[in-house]
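> If you read the protein sequences in the order shown, they are chains A and B. In our numbering, each residue's number is its place in the first sequence (first place is 1) plus 288. In our numbering, each residue's number is its place in the second sequence (first place is 1) plus 349. Cβ coordinates follow ideal geometry from the N, Cα and C atoms, glycine included.
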Amino acid sequence: MPLQVQDSGLTGPLGSLGSLGRPALLAALAFALIGLTLCALGAARDRRDLAAAGIRAVVATAAFVAFATFCLLTAFFAHDFSLDYVASYSSRSLTGPYTLTALWGGVEGSLLLWTFLLTVFAAIALTRAPARRSALVAWAGAVLCGISIFFLVLLAVPANPFAALASVPADGQGLNPLLQSPGMLIHPPLLYTGFVGFSIPFAFCIAALITRRLDDSWLRATRRWTLFAWSALSVGIVLGGAWAYTELGWGGYWAWDPVENASFMPWLTATAFLHSVVIQEKRRMLKVWNVSLILLTYVLAVFGTFLTRSGILSSIHTFAEGDTGKWFLPYLAVMLLGGLVLIGSRLDSLRSENRFDSLLSRESAFLANNVLFVAAGFAVLWGTVYPIVNEAFSGVRLSVGPPFFNRVFAPIGLALVALAGIGPLISWRRMSKGTFARVARPPALAGVAAVIVLAAGGVRSIGALLALGISVFTAAAIVGEFARGSRVHRRREGSTWPESLRRTLTRNRRRYGGYIVHLGIVLMVIGFSGNAFKVERSAELAPNESMTVGAYSLTYVDHSSASTPEKEINEAVIAVSRGGERIATLRPQRNFHIAQRQTQSEVAIRTTPAEDLYLVVTSFDADATIVLRSFVNPLTWWIWAGAAVMLAGMAVLLWAPAPQAVPGPAPVRVRRTEVATR
Amino acid sequence: MRMVACALLVLAVTAAPATAGPADVAIDISNQIMSPFCDGVTLHDCPSQEALDLRAKIQRWASAGWSRERIYERLEAEFGAGIRAAPPARGAGTLAWVLPGLALLAGAGAAYSFARRWAVGSADAGTTPVVMSPRERARIDADLEALRGDTQSEVRT
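1) Going by beta carbon distance, what residues of the same chain come within less than 8 Å of A434/B, once the five residues before and after it are set aside?
2) Spell out whether any CB of chain B is found under 8 Å from the CB atom of I973/A.
3) Measuring only between beta-carbons, confirm whether D473/B sits less than 8 Å from chain A.
4) Restricting to runs no shorter than 3 residues, where is the beta strand (DSSP E) found entirely within the region 677-705 of chain A?
5) At 7 Å on the CB atoms, spell out the chain B contacts of V684/A, in chain order.
6) Following the continuous alpha helix (DSSP H) through V920/A, name the residue where it begins and the one where it ends.
7) So what does DSSP say about R423/B, is it helix, strand or coil?
8) Which residues does DSSP list as the beta-bridge partners of S889/A?
9) So is R465/B in contact with chain C if we call contact Cβ pairs under 8 Å?
10) Alpha carbon to alpha carbon, what distance is there between V547/A and G627/A?
11) So L807/A and A763/A are supposed to be a Cβ contact under 8 Å. How far apart are they, rounded?
12) Taking the straight line between their C-alpha atoms, what separation do you get for S715/A and S640/A?
13) Does the separation of the CB atoms of P449/B and W670/A fall below 8 Å?
14) Does the separation of the CB atoms of L442/A and L401/A fall below 8 Å?
15) Given that D545/A touches chain B, what residues does it touch there, using C-beta distances under 8 Å?
16) Once the 5 residues before and after T477/B are set aside, which same chain residues still bring their CB inside 7 Å of it?
17) If you drop the 5 nearest sequence neighbours on each side, which residues of the same chain put their C-beta closer than 8 Å to that of P457/A?
18) Does the region 570-584 of chain A come within contact of the region 453-473 of chain A, defined as at least 3 CB pairs closer than 8 Å?
19) Can you tell me whether R466/B is buried or exposed? The criterion is at least 16 other CB atoms within 10 Å of its CB, across all chains shown.
20) Leaving out five residues on either side along the sequence, give the residues of the same chain with a beta carbon under 6 Å from the beta carbon of D492/B.
21) How is the beta strand (DSSP E) around L574/A delimited, first residue to last?
22) Per DSSP, what are the beta-bridge partners of F908/A in this structure?
23) Enumerated in chain order, which unbroken segments of the alpha helix (DSSP H) with a length of 4 residues or greater are wholly contained in the region 436-493 of chain A?
24) Output yes or no for whether 8 Å exceeds the beta carbon distance between L655/A and A455/B.
25) Which partner residues does N858/A have in the DSSP bridge list?
26) Does DSSP put V622/A in a helix, in a strand, or in coil?
27) Quick check: the Cα distance between G524/A and R772/A, rounded to an integer number of angstroms?
28) Could you tell me the distance, in whole angstroms, from the CA atom of R718/A to the CA atom of P922/A?
29) Mind checking whether P396/B and L536/A have CB atoms under 8 Å apart?
30) For V864/A, name the three-state secondary structure that DSSP assigns.
31) Compare the C-beta of I710/A against all C-beta atoms of chain B and say whether one is closer than 8 Å.
32) From the DSSP output, in three-state form, read off Y541/A for me.
33) Please classify L515/A: is it buried, with 16 or more other beta-carbons within 10 angstroms of its beta-carbon, or exposed?
34) So, are the CB atoms of I494/A and L630/A less than 8 Å apart?
35) Would you say D318/B faces chain A, with C-beta separation under 8 Å as the test?
36) Since H475/A and L527/A should fall inside the 8 Å C-beta cutoff, what is the C-beta to C-beta distance between them, to a whole number of angstroms?
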């Protein structure tokens with residue numbers, strides 16, 4: 289091994305620690321086994337010392353996995369091509385931050401990153417858990433160790449990132465050019481953070497089922513983790529869309545392909561869970577539903593990885609496949625069936641402690657929201673696996689792509705956006721129809737007015753009119769909630785409007801943080817509706833020729849070529865005019881990546897809140913003739929603006945204090961008619 | 350409900366499909382079929398040269414006056430049934446379309462049934478008082494106090 293390392297021509301300041309990676313992983317596996325044993329024994333025999341030792345073993349596991357990850361990174365930065373993985377996903381020309389991207393460029397590194405995040409999150413969650421010596425935490429430790437063992441075995445057997453090559457190549461095969469993008473530096477780690485983060489609430493849920501401590505203590509212990517994982521997954525999904533938009537060159541951001549669906553399914557069930565836990569915390573209802581949802585979310589997160597890593601479904605986002613897929617099936621079966629059996633055996637402890645007071649109540653709105661989210665998740669899952677199912681039964685491989693998903697998902701999605709506006713208007717427990725009609729009238733009027741104005745303005749797409757009308761209704765309802773809360777503070781305390789708004793937000797960060805997230809989603813839906821007005825044109829242009837797209841005139845005024853060690857760059861200079869006035873110069877590229885022998889387009893975008901002008905060169909001939917594909921994408925800017933607002937809402941939610949336990953019923957009685965607050 | 354009905358009426362009156370030229374027809378069709386050359390994406394989204402050529406071919410067919418159905422049939426004959434990006438709403442493909450709707454209806458039905466049963470159970474209790482914790486009672490009192498100084502319209506009863 290040392291000879292191979294020497295042959296690889298190490299250049300990094302630390303040299304390569306690649307040879308230490310596998311021993312570190314094996315040590316981590318040993319500590320995970322020890323952790324599992326100690327935590328389980330500690331929990332089963334009520335031995336707090338054993339449970340505490342088990343948690344220390346979890347910390348040791350995390351330390352060894354972190355060291356193994358560091359070893360692989362040093363191998364990348366040192367160009368240690370004695371390692372198969374490093375030789376396959378990097379080259380000498382790969383330098384700087386994209387060397388880091390190579391870590392998750394293939395299956396083995398992705399699984400190492402997954403395991404690194406899992407063990408570190410487990411160590412933090414277990415050491416910081418309230419009453420960390422309790423049986424709940426000990427069982428959660430055992431579950432997390434069990435999960436870690438599965439991934440460490442994967443890294444030890446079918447997906448060893450430290451496998452050595454018999455002969456060391458002079459250079460590596462290089463990293464896929466599509467991965468050499470700023471978005472790819474953070475998009476995969478964020479997605480993995482989301483997927484892996486759900487392991488924590490899942491483990492505590494299983495622990496709660498085992499110990500029969502099925503009050504809301506496990507929810508409170510993991511609330512921040514759930515929010516953190518959901519936030520990371522949300523941002524990761526949006527960044528994936530932004531990456532597709534700026535890198536793939538087809539003018540869109542979401543293609544409903546299996547990798548995208550794999551991240552979207554757990555997001556949908558996790559979002560349902562985030563809403564339904566509120567019911568359990570406030571009303572001690574929906575307990576079976578909540579444990580089922582977190583089980584489903586975790587299983588879907590792993591199932592998505594199985595789908596996209598096994599090669600049974602193809603995707604433009606899949607950069608690596610391996611033979612790890614078959615390892616996931618038994619694991620998934622154990623998790624799903626084990627979880628369901630456990631839930632079935634605890635039904636007596638999962639009974640709701642309260643009942644609905646009325647069908648017209650916020651609880652009902654939450655319930656409807658959950659039905660829609662889960663139905664949406666099922667629709668996405670069904671559409672994703674349908675080609676496999678149909679082929680298995682009929683032998684015919686049919687495709688399920690965007691036309692199916694758009695038609696099935698759009699009505700559910702719009703209903704969810706409408707519910708985001710209806711929910712805040714309804715009281716907890718009960719509300720009269722008359723009161724609801726009164727409070728819903730202003731936002732409904734705003735929505736209808738928006739539809740009329742847009743229709744009068746020439747908008748003819750029913751889908752876009754519905755989406756925009758519902759978005760305006762929901763935005764008006766949310767803004768109305770902020771206004772109402774601020775007005776109460778203003779009148780009571782005599783403060784200014786900004787101060788009243790700040791107090792409204794800070795006094796109930798969870799509620800108003802959620803509203804901000806909803807507002808972000810509304811803005812994103814406004815952005816999505818722009819698809820209805822998309823314009824696209826393609827033309828072959830010689831220098832100084834022009835084409836039009838929408839209201840824009842595009843003139844191919846110049847071109848240039850250059851070479852770097854990684855690629856040959858061909859750039860077209862496009863003068864953009866509108867109404868006879870030159871407003872911009874865009875420079876789309878068509879580049880040839882030398883190591884990968886791959887041609888790749890670099891898009892050029894002029895973005896404004898009204899619309900994006902999106903240019904991509906799909907062909908660049910030797911005589912400088914180009915094929916220019918141009919898009920006018922209305923309202924796309926609002927998708928990213930909405931994502932930023934969502935991020936702000938997530939920050940407020942994460943900043944909110946953990947919910948306090950609601951004490952049990954005491955003999956204080958009021959008549960139901962007195963309960964009239966919202 | 351009246352407002353929603355008005356909005357739907359506006360939609361019905363104003364919404365009319367715009368006429369599409371051959372380029373738009375070709376773009377629309379390329380969005381409705383999977384690429385035979387790229388994995389998991391529509392022909393529209395596939396960046397390969399073969400996809401560009403096929404898109405150009407579809408545009409030529411559209412310019413020559415071929416109907417959409419004739420273009421689809423030609424593509425299906427050349428690349429197989431899997432080229433359509435959505436399963437047909439007949440035969441085995443029916444299940445693909447029906448199942449999500451059935452799942453939604455079943456979920457909605459189950460949720461409505463549970464909620465109604467719970468709510469009816471609660472109503473059956475008649476004047477049975479709601480049991481509240483002191484903390485909850487105190488919170489509601491504080492909320493009511495906060496709202497009391499406000500206008501009548503802000504207190505929902």
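Let me lay it out:
1) N380, Q381, I382, M383, T391
2) Since the first residue shown for chain A is 289 and the last is 966, residue 973/A is missing from the structure and cannot be characterised.
3) Bear in mind that a pLDDT of 49 at D473/B, under 50, signals an unreliable position, so the number given afterwards is only what the model happens to contain. Judged by the 8 Å Cβ criterion, D473/B is not in contact with chain A.
4) Taking only runs of at least 3 residues, no beta strand (DSSP E) segment lies wholly in the region 677-705 of chain A.
5) A430
6) No alpha helix (DSSP H) contains V920/A, which is instead part of the beta strand (DSSP E) from 914-922.
7) In the three-state DSSP reduction, R423/B falls in the helix class (H, G or I).
8) S889/A pairs with R878/A.
9) No chain C is part of this structure, whose protein chains are labelled A and B.
10) 25 Å
11) That belief holds up - the Cβ atoms of L807/A and A763/A are roughly 6 Å apart, short of 8 Å.
12) 20 Å
13) yes
14) Contact flag unset, no.
15) Those within 8 Å of D545/A in chain B are G389, V390.
16) Confidence in T477/B is poor, its pLDDT being 48 and thus under 50, which makes the residue's placement too unreliable to answer from.
17) F369, A375
18) no
19) exposed
20) Taken in chain order, the list of residues that qualify is empty.
21) It is not in any beta strand (DSSP E) - L574/A carries neither H nor E in the DSSP assignment.
22) I914/A
23) 470-485
24) No, Cβ-Cβ distance for L655/A and A455/B is not below 8 Å.
25) S849/A, R878/A
26) helix
27) 34 Å
28) 42 Å
29) yes
30) Annotated three-state conformation of V864/A is strand, per DSSP.
31) No, because no Cβ of chain B sits closer than 8 Å to the Cβ of I710/A.
32) coil
33) buried
34) Yes; because the gap between Cβ atoms is below 8 Å, this pair is in contact.
35) Residue numbering for chain B in the displayed model covers 350 to 506; residue 318/B lies beyond these limits and cannot be assessed.
36) 4 Å
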